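Start counting the sequence shown at -10; every next residue gets the next number (this note's numbering).
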Amino acid sequence: MRLWPWSKPEPEKREGQPFTDAMLTAILQAAEGTTPGDPAQTWALECAANLYARAFAAAKITGERTERITPAMMALIARNLIRRGESLHLVEVAGRRHPPLRFLPAGSWDVRGGWDEATWLYRADLFGPSGNISRFVKSGGVLHFRYAVDPARPWHGIGPLGWARESAALKANLERRLSEEAGGPVAHVLPIPQDGGDGEQDDPLAMLKADIAGAKGRTILTETTVAGWGEGMSAAPRSDWKPSRLGADPPDVLRELRSEAGLAVLNACGVPPGLATAGGTAQGAREDWRRFVMGSVEPLLEIVGEEISAKLETEIAFDLKNLWAHDLQGRAAAFQKMVQGGMALNEAVAASGLMSE
């Protein structure tokens, strides 16, 4: 890559495994029958990403130059943070248009530079239905959100399953194996002494096969197979006209392990399992939602807000009152108890969350 005609070309360095090596590894794994599952395609991760995306979309952002930060953009940021560990948007000045800024989501990117983030240079790829374009942007011209980082690679965001990789692999492999089990052939096999052919005119069982195929729940009459069709009882099936089912039959332990692995992934993503499983009480669901918003959504929004404030050079805030609309009764009860306990009225209103700052 050369930024300027007079610059000395440098060997391009990419993050991750080379494409050719990755393809060879995938082919080898497929040939050996050891193709692993993909954690990104599991229900647990999608459930977590969906909950974060909806919570982020419901958060109202306030601050200068944030008009183009839409609920759809916030939902995309949340999904990328949970699924990929990072999300990148280019900041583009739209000239005389109002609002003057717009934010373009990058599909892929490379980063290079020194230890100081201000020196980082991004090569960001923007994709379209019939082509793509690469842009080279300095650190100040991008919004680079990271779920978490390793100090040894601060430019690379790590998602929740990046830290819980073994648990994610267990969940993905269970899903793949059960999917393969369920994707096998399903049929009812009817044992007979001898199959005469494919049902054509020269097949002695052609009429019987046609009657069975067209029975549709009706009663049909046929001869017994006890005599083995002239070959004696030794050639007869053990039971007369009793089909055997051929299809998926996974062990119960796999189904239980699949559910437990899914709950482990949800916990790794900071999602209370009660938000994704059936059963429980309404009070328990409200408590799980409160834990999710306060312990997971709000801290992650703080990280996102810090990046937006730094790059747009403006103070922003998120209003989460839409996420607490369900808890009006509980907040009103808390307000009443605080007032009865001697707290000032304005302090009790703010502490209970009945009124935003």
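Note that CB positions come from ideal geometry on N, CA and C, so glycine has one too. Being a predicted model, the structure only gives us computed values, none of them experimental.
Exercise for review: Would you decide whether Leu93 is buried or exposed? Buried here means 16 or more other CB atoms lie within 10 Å of its CB.
Suggested key: The residue is exposed, with fewer than 16 neighbouring Cβ atoms inside 10 Å.
Review point. So, is Arg321 buried or exposed, given that buried needs 16 or more other C-beta atoms within 10 angstroms?
Key: Note on residue identity: the sequence assigns Ala, not Arg, to residue 321. With fewer than 16 Cβ atoms within 10 Å of its Cβ, Ala321 is classed as exposed.
Review point. Helix, strand or coil for Asp191 per DSSP?
Key: DSSP places Asp191 outside both helix and strand once states are collapsed to three, so it counts as coil.
Check your understanding: Does the Cβ of Ala333 have 16 or more other Cβ atoms within 10 Å, making it buried, or fewer, making it exposed?
Key -> Classification for Ala333: exposed.
Point to revise | Residue nearest to Gly236 in terms of C-alpha spacing, selected from Gly263, Ala176, Gly148 and Val242 | key: Ala176
Check your understanding: Residue range of the alpha helix (DSSP H) that Ala44 falls in?
Key -> Trp32 to Ala47
Practice item. Indicate the three-state DSSP secondary structure (helix, strand or coil) for Asp99 in the structure shown. Key: strand
Check your understanding: If you scan the region 119 to 184 from start to end, which runs of the beta strand (DSSP E) of 3 or more residues do you find wholly inside it?
Key -> 120 to 127, 131 to 135, 142 to 146 and 176 to 178
Exercise for review: For Gly251, count neighbouring Cβ atoms within 10 angstroms of its own Cβ and tell me buried if that reaches 16, exposed if not.
Suggested key: buried
Check your understanding: Taking the alpha carbon of Gly80 as the point to measure from, which residue in Ala113, Asn121 and Val254 has its own alpha carbon closest?
Key -> The question names Gly, but residue 80 in the sequence shown is Val. Selected option, being the one with the closest Cα: Ala113.
Point to revise | Reduced DSSP secondary structure (H/G/I, E/B, other) of Leu(-8) | key: The predicted position of Leu(-8) is uncertain, since its pLDDT is 44 and thus under 50; a value taken from the coordinates is nonetheless stated next. It is coil, neither helix nor strand.
Exercise for review: Check whether the Cβ atoms of Leu290 and Phe307 lie closer than 7 Å to each other.
Suggested key: Yes, these two residues count as a Cβ contact at 7 Å.
Practice item. Check the C-beta distance from Pro262 over to Lys160 and give it rounded, since I have them as a contact under 8 Å. Key: Not a contact, Cβ separation roughly 13 Å.
**Study point:** Spatial neighbours of Ala46 in its chain, beta-carbon cut-off 6 Å, leaving aside the 5 residues before and after
**Key:** Pro60, Met63 and Ala64
Exercise for review: Count the other CB atoms, across all protein chains shown, that sit within 10 Å of the CB of Ala347; report buried if there are 16 or more and exposed otherwise.
Suggested key: Only positions -10 to 346 of the chain appear in the structure, and residue 347 is not among them; the question remains open.
Check your understanding: Taking all protein chains shown into account, do 16 or more other C-beta atoms lie within 10 angstroms of the C-beta of Ile292, making it buried, or fewer, making it exposed?
Key -> exposed
Point to revise | As assigned by DSSP and simplified to three states, the class of Val254 | key: Helix at Val254.
Check your understanding: Do the region 258 to 276 and the region 191 to 201 make contact, defined as three or more Cβ pairs closer than 8 Å?
Key -> no
Point to revise | For Ala274, the nearest candidate out of Val260, Ser128 and Pro174 (CA to CA) | key: Val260
Point to revise | From Ala195, Ile181, Asp192 and Thr208, residue whose alpha carbon lies closest to that of Val215 | key: Ile181
Review point. So Gly294 is in the alpha helix (DSSP H); what residue range does that whole segment cover?
Key: Glu287 to Leu301
Practice item. Would you list the residues sitting across from Ala306 in a DSSP beta bridge? Key: Thr51
Practice item. Classify Ser168 as buried or exposed, calling it buried when 16 or more other Cβ atoms lie within 10 Å of its own Cβ. Key: exposed
Review point. So what does DSSP say about Glu75, is it helix, strand or coil?
Key: strand
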